[in-house]
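For the sequence shown, the working numbering gives the first residue as 283, with consecutive numbering after it.
Beta carbons are placed, not taken as given, at the ideal position from N, Cα and C, and that holds for glycine.
Note that the coordinates shown come from a computational prediction; the quantities given were computed from them, not determined experimentally.
A short worksheet on the structure shown next.
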Amino acid sequence: MNLSQLTLHNFRNYPELRLEAAPGFMVFSGENGAGKTNILEALSLLAPGRGLRRASLGDMACQNGPGNFAVAARLGDINIGTGTDSAAPERRKTRINEANAPTNDLAEWLSILWLTPAMDRLFMEGAAGRRNFLDRLVMALEPAHARNCARYDAARRERNRLLADEYRAERNWLEGLDAQLAQYGALVAEARQRMVLALNRIFDQSDSELFATPVLRLEDSQLRSEAQIHQMLKQNRNADQAAGRTLRGPHRADLMVAHAAKQQAAEKCSTGEQKALLFSIILAQADLIADRRDNRPILLLDEVAAHLDPQRRAALFGKLAERGGQVWLTGTEPSLFTDVPDDARHFKVSDGAVTAR
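Right under this line is the structure:
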C-alpha cells in the first residue's frame, strides 16, 4: 500500500501542494506550526473517519480560501480523493477512479495507522477515545467494520430520538430499531473482540526488548452476540426511556490496556511506558494487516522521534525498515532522522512550502 502521489487543494495552510511519493520513508522536518502535521492529517482522511485530529471539516479548509478543500492520492493505477465543496462545507464527498463512492469504501483500498502526540493521553482520558482507537485498528484490517459502525450509530441516534420524545414511542418502532441495533452491534462487538484476541496472540509471542508488551481486554465484552444485545435492549427499555438515551451497548465498551511485565494498568504507568505500549500496539497491528491483507499499511508517525532516546529511535527505524511499507514521519530537526535508511526521501516544511532536502 504505497502512495505514489499526494495532492492537496485549499487544505489547512496549503492552497496547493503536490508531492511525489515513494515506498519507504517520507520524512518531513521543520519548525512547529510550519504545516508538517497538516500533511499527515490530509493522508489520514484517505481512510474512513474524521482524521487524526478529529477536526470538523470546516476547520480543514484554508482560512482565506473559498471554504472547500480536496485531498487526492494515487495508489498504483487507482485514483482516490475526498473533500468538500463550498456549498456544503460540512459534508464530505469521496471519489474513487472519478466515480462517487461512500467514504467508508476508502477502507477497501487503503489501510492507514497513525500515532500523534495527542494520543499520549489515550489511557488517561475517557473510554470514547480508546473505543475510536480500537475501531480504527479494526477498520484497517476489516473494511466492513466502518459500515457496521456507521449503521449501528445511525440506528442508535434514531432510537435515542424516539426515547427522548415527550410522547411514548410506539412499541413497534422501538422493536424494529432494537433489532437493527442488535444486528449491527453484534457485528461491531465481535470484530473488536477478534482484534483484541489477534493482537494478544502477537504480544504473547513477542519480546519486550524494544517496547513494553501490552495485554488488551474489552470491558463489557459479554455483550457480543445479537441475542445478548437484543435481550439487554429489551430489558433496559424503561430505564433508557427515563434517561432519553440508550444506556448500554457496544457504544459504551472500553479498551483496557495493561503493561504485561509490570502487571499494571496503562493509566498507572509512566508517560514513557504509555508511549511504549502504544508503539507496540501499532507495530503489532501493522504486522497483522501485512499478514492478513498481503500489504503493509501506511504508517503516519507524527513527532514520534523526539520522544525516544537515540537507541530506541534507531531500533524503531530499523524495525520499520526491516518490515517495509510506506512510513510518513515528521519532526522539528533533520538530525532526529539520521538513522533512517539511505533511500528515505527528506523534505523541508516552512510556512506551507515543502521542498526536497
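Specify the secondary structure class of residue i as computed by DSSP and reduced to three states.
i	result
residue 350	coil
residue 523	helix
residue 592	helix
residue 621	coil
residue 424	coil
residue 382	strand
residue 469	helix
residue 529	coil
residue 646	With the chain covering only 283 through 639, there is no way to say anything about residue 646.
residue 605	helix
residue 391	coil
residue 371	strand
residue 482	helix
residue 598	helix
residue 515	helix
residue 329	coil
residue 462	helix
residue 452	coil
residue 506	coil
In whole angstroms, what separates the C-alpha of residue i from that of residue j?
i	j	result
residue 438	residue 373	21 Å
residue 488	residue 359	36 Å
residue 256	residue 332	The displayed coordinates of the chain run from 283 to 639. Any statement about residue 256 would go beyond what the structure contains.
residue 390	residue 305	20 Å
residue 485	residue 578	18 Å
residue 445	residue 365	34 Å
residue 410	residue 614	30 Å
residue 511	residue 499	19 Å
residue 608	residue 581	7 Å
residue 588	residue 601	17 Å
residue 351	residue 363	11 Å
residue 338	residue 319	16 Å
residue 539	residue 639	40 Å
residue 456	residue 507	19 Å
residue 307	residue 454	56 Å
residue 387	residue 502	29 Å
residue 383	residue 586	33 Å
residue 299	residue 624	25 Å
residue 549	residue 452	44 Å
residue 357	residue 583	20 Å
residue 521	residue 459	16 Å
Whose CA, out of the options, lies closest to the CA of residue i?
i	options	result
residue 416	521, 465, 476	476
residue 621	464, 633, 635, 598	598
residue 380	552, 361, 367, 514	361
residue 574	581, 593, 425, 550	425
residue 396	377, 421, 383	421
residue 375	328, 357, 606	328
residue 295	311, 623, 345	345
residue 570	510, 483, 496	483
residue 494	330, 283, 552, 378	552
residue 436	423, 463, 635	463
residue 413	545, 456, 535	535
residue 516	461, 559, 637	461
residue 635	619, 492, 313, 336	313
residue 545	497, 527, 537	497
residue 405	568, 557, 567, 523	557
In the DSSP assignment, the beta strand (DSSP E) including residue i goes from what residue to what residue?
i	result
residue 562	Unbroken run through residue 562 is the alpha helix (DSSP H), 553 to 575; no beta strand (DSSP E).
residue 310	306 to 311
In the DSSP assignment, what residue or residues form a beta bridge with residue i?
i	result
residue 434	Residue 434 pairs with nothing; no bridge assigned.
residue 278	The structure shown has nothing for residue 278, since the chain only spans 283 to 639.
residue 538	499
residue 630	311, 637
residue 363	354, 377
residue 584	612
residue 547	540
residue 396	582
What are the boundary residues of the alpha helix (DSSP H) that residue i is part of?
i	result
residue 610	Here residue 610 belongs to no alpha helix (DSSP H); instead the beta strand (DSSP E) covers 608 to 613.
residue 298	Looking at the DSSP string, residue 298 is not in any alpha helix (DSSP H); the run it does join, the beta strand (DSSP E), is 296 to 302.
residue 289	No alpha helix (DSSP H) holds residue 289; the beta strand (DSSP E) holding it covers 285 to 293.
residue 492	From DSSP, residue 492 is part of no alpha helix (DSSP H); its letter is neither H nor E.
residue 341	339 to 342
residue 319	318 to 326
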